[in-house]
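The block underneath contains the structure these notes are about, expressed in structure tokens.
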């Protein structure tokens, strides 16, 4: 382990062996992957051989193997605690890093001390743009999202933003979010009460509360397959996801958020019926 690492890349994975392998390979192929970059993989009790493959193919990668699926936030926090980097990159296991993505983000944070964290452009595998910036959600946004009316969330989803310039944003997905290491450890990483959902929103809010900006960098790019792990979630995990959603709105909007409980319970019931 390098005590003077420039960057620690923290990746939580669950039953995504092929995608995780491709993700790590894309990092290893970058010119900046050297003794100043460490990769930390947290395997959430995968049963597809992820940990064995990584250990054999990438001996420099540190692997933390959990005996159960503890959830995304606790897994990442374990990796954050182990990290030694000046910056910590929270990275989705289903990403492919393009050349320059790490170097440009590091250089941006070096040049802009007011920025606490930075993300980049996400692209689908076919090269089309994938929106990853949003406003902080209001109760109206929750209503539209979870009653399947998300097409009306125009402002919340920042659909008027062309992703063609570097700007400050409210929140950006932790699919690729580079955070100052000292700041992330001061915040103690993710709030673990959000085990799967809304942990990224909460983290961005706390970064902003520290007086630091969350930035979107338009000229750094990463390919992202999509929510591969969550798309495989069974009923038990989906219940945790909906609990996270309700917790966020209740804590941030108080009693006005109570209407959301029956909405989410109905969605969960429908999910159970379709999985039966």
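Residue numbers (the working numbering): 116 to 391. Glycine included, each C-beta is placed from N, C-alpha and C at the ideal position. Everything numeric in this text was worked out from a predicted model, so none of it was measured.
Residue i to residue j span [Cα, whole Å]
i	j	result
residue 354	residue 389	14 Å
residue 181	residue 160	5 Å
residue 189	residue 274	31 Å
residue 294	residue 206	11 Å
residue 289	residue 315	6 Å
residue 222	residue 204	14 Å
Pick from the options that is closest to residue i, judged by C-alpha positions
i	options	result
residue 125	201, 279, 257 and 133	201
residue 276	332, 310, 291 and 260	332
residue 372	119, 358, 212 and 146	358
residue 334	199, 278, 386 and 314	278
residue 258	129, 136 and 379	379
Three-way DSSP call (helix, strand, coil) for residue i in this model
i	result
residue 98	The structure shown does not extend to residue 98, since the chain is modelled only from 116 through 391, so no value can be given for it.
residue 375	helix
residue 344	Bear in mind that the predicted position of residue 344 carries a pLDDT of just 49, short of 50, making it unreliable; the figure below should be weighed with that in mind. Three-state result, residue 344: helix.
residue 127	strand
residue 330	strand
residue 135	helix
residue 253	coil
residue 299	helix
residue 142	helix
Sheet register partners of residue i (DSSP bridge)
i	result
residue 167	BP columns for residue 167 are empty, so no partner.
residue 402	Residue 402 lies beyond the residue range present for the chain, which begins at 116 and ends at 391; the question has no answer from this structure.
residue 197	None; residue 197 has no bridge partner.
residue 283	330
residue 338	211 and 238
residue 244	238
Span of the alpha helix (DSSP H), counted from its first residue to its last, around residue i
i	result
residue 262	Here residue 262 belongs to no alpha helix (DSSP H), and DSSP marks it neither H nor E.
residue 354	350–368
residue 185	Per DSSP, residue 185 belongs to no alpha helix (DSSP H) and is neither H nor E.
residue 320	314–324
residue 226	216–226
Span of the beta strand (DSSP E), counted from its first residue to its last, around residue i
i	result
residue 234	230–238
residue 177	177–180
residue 157	152–158
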